[in-house]
Each structure stands twice: as C-alpha cells, then as structure tokens.
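Residue numbers (this note's numbering): 1 to 215.
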Ligand code: ATP
Ligand code: MG
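Next up, the structure:
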C-alpha cells in the first residue's frame, strides 16, 4: 500500500448539487470535465431535498432522484453520491450542503462546488452567499443558451469562481421529463439505466394537456 505522508496534500472534492429529476449526460459531462481540469480526487453528487426554487412544480420523490443518481454514477470510481441534503429536514440551501460535507470529510478537504451557468447567475440570491465562498471554490460550467462571461462574475469575490467551457450538451431535466410525458425517446440523453428506471417506476406520466407545462 502507498505510504501516507504525514501531511498529505488536501483532498480535492468536487460537489455537484442538483435536483437530478432526472440526472442526465449534461450533469455527468460537467462533473467529469471539472474533475479532469481541476485534478479532483472525487466528485460527490448531492441530490437536493425540497428544491425551494422549484416549489411551483411537483418534484419526484427524493428517494427516486437519489437512486437515479446512484445508478448514473455507479460505473465511475471517482463519482459518489451523498444523502446530506435529502436527509436534512426542510429546504436545501447550498451553504448547509457545504457545511455538512466539510464536517463529514474533515479539514484536509478542499471543496469545489460545480454549477451550471444558470445556477451561478442566481448565486447571490442564495442564502448565506457571503459564507459560500469561504467554504468552497466555485466552478461555473457553460450551458447552451446561458451566456456567461467574466463580466457576470465581477460582483463576486476575486478569485472565488472559475469558468470552464464544457462540450455543449443542450440537455436539461425539464426536456427529459417533457419527452417522457410525450412518449418521445430519452435514449442517449441519459444513461441507459436511467431510461429503464424511469420506465420501471413510471416517473413523469403523461399529463392532461390542460395542465400547464412546468418550465
Ligand atoms: P431542470 O430543467 O429541472 O432545472 P437541470 O437540467 O437544470 O434540470 P438541475 O438538477 O437543475 O438540472 O441542475 C443541477 C446542476 O447541473 C446545475 O448547476 C445546472 O446548472 C447544471 N447543469 C444541468 N444541465 C447542464 C448541462 N447540460 N450542461 C452543464 N451544466 C448543466
Ligand atoms: Mg436547472
């Protein structure tokens, strides 16, 4: 076994938060690209509890979103899944996610919070925004249709956020749900196991056309 140096370099932990309803290849590519670029030892996917920004629509049960995340990440030895957000009662706030992971993983861990361009733009509306940048380094990844420039970051603390262009994958969970409801394919937008899990559990059933779409 490798001898551990008395003072090893900090463990570099990526944190990918999301509703993952369902998880798709956009999430997985973003995590993989950031892991490679920033030399991360691990990326932990953290499905949210009650997404407070998404109260206007029905979100799938936490357990289904958790299991889909496990299925999608199982084949990658550097990917893992955490229950901290779904097991914490009440709304999910990223500041709590980062505090919990820090407490769980110990002081010798550097956190890299991975977020899509759309989520990064809302960052200052998040509770505890001031503390967020002390807890983690932020990596914003490009997302088709969401322009993001250094200028958008000018109000954020210097050096606290990096931008990374990832190969454009115009995939969203919203589109995947709409496709399932319309009985259109989601093959290759999500991992095969997710196609099968959604079918098996009957997630995203067709809805009456009078019910407004949940964009
Ligand atoms: P929804 O359409 O329900 O909002 P989503 O596709 O945006 O779903 P989320 O679970 O909301 O997925 O996203 C989790 C994180 O992944 C967010 O930071 C989001 O910006 C990022 N993300 C989602 N899809 C992509 C993509 N195609 N490319 C890059 N980042 C993405
Ligand atoms: Mg989203």
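Positions of the beta carbon are idealized from the N, C-alpha and C atoms, including for glycine.
Check whether the Cβ atoms of residue i and residue j sit closer than 8 Å, and answer yes or no.
i           : j           : result
residue 35  : residue 43  : yes
residue 118 : residue 143 : yes
residue 257 : residue 64  : The question about residue 257 has no answer here: the residues shown for the chain are numbered 1 through 215.
residue 115 : residue 145 : no
residue 121 : residue 152 : yes
residue 112 : residue 129 : no
residue 169 : residue 26  : yes
residue 166 : residue 23  : no
residue 33  : residue 203 : no
residue 94  : residue 17  : yes
Checking the sheet assignment: what are the DSSP bridge partners for residue i?
i           : result
residue 80  : 44
residue 68  : DSSP lists no partner for residue 68.
residue 163 : 140
residue 16  : 45, 114
residue 11  : 109
So, at 7 Å on beta carbons, what are the nonlocal neighbours of residue i in its own chain, with the 5 sequence-adjacent residues on each side left out?
i           : result
residue 62  : 47, 49, 86
residue 186 : 176, 179, 180, 195
residue 28  : 72
Check whether the Cβ of residue i lies closer than 7 Å to any heavy atom of the ligand MG, and answer yes or no.
i           : result
residue 175 : no
residue 118 : yes
Consider the C-beta atom of residue i and the heavy atoms of the ligand ATP; say whether any pair is separated by less than 7 Å.
i           : result
residue 19  : yes
residue 32  : no
residue 60  : no
residue 148 : no
residue 137 : no
residue 171 : yes
residue 250 : Past the edges of the chain, shown from 1 to 215, lies residue 250, and the structure says nothing about it.
Spatial neighbours of residue i within its chain, please: CB distance less than 8 Å, with the 5 preceding and 5 following residues excluded, ordered by chain position.
i           : result
residue 11  : 41, 42, 105, 108, 109, 110
residue 81  : 44, 45, 46, 47, 66, 69, 70, 73
residue 206 : 181, 182, 183
Would the C-beta of residue i count as close to the ligand PLP, meaning under 7 Å from any of its heavy atoms?
i           : result
residue 143 : This structure lacks the ligand PLP; its bound ligands are the ligand ATP and the ligand MG.
Can you give, in chain order, each stretch of the beta strand (DSSP E) that sits fully within the stretch 84-124 and has at least 3 residues?
109-116
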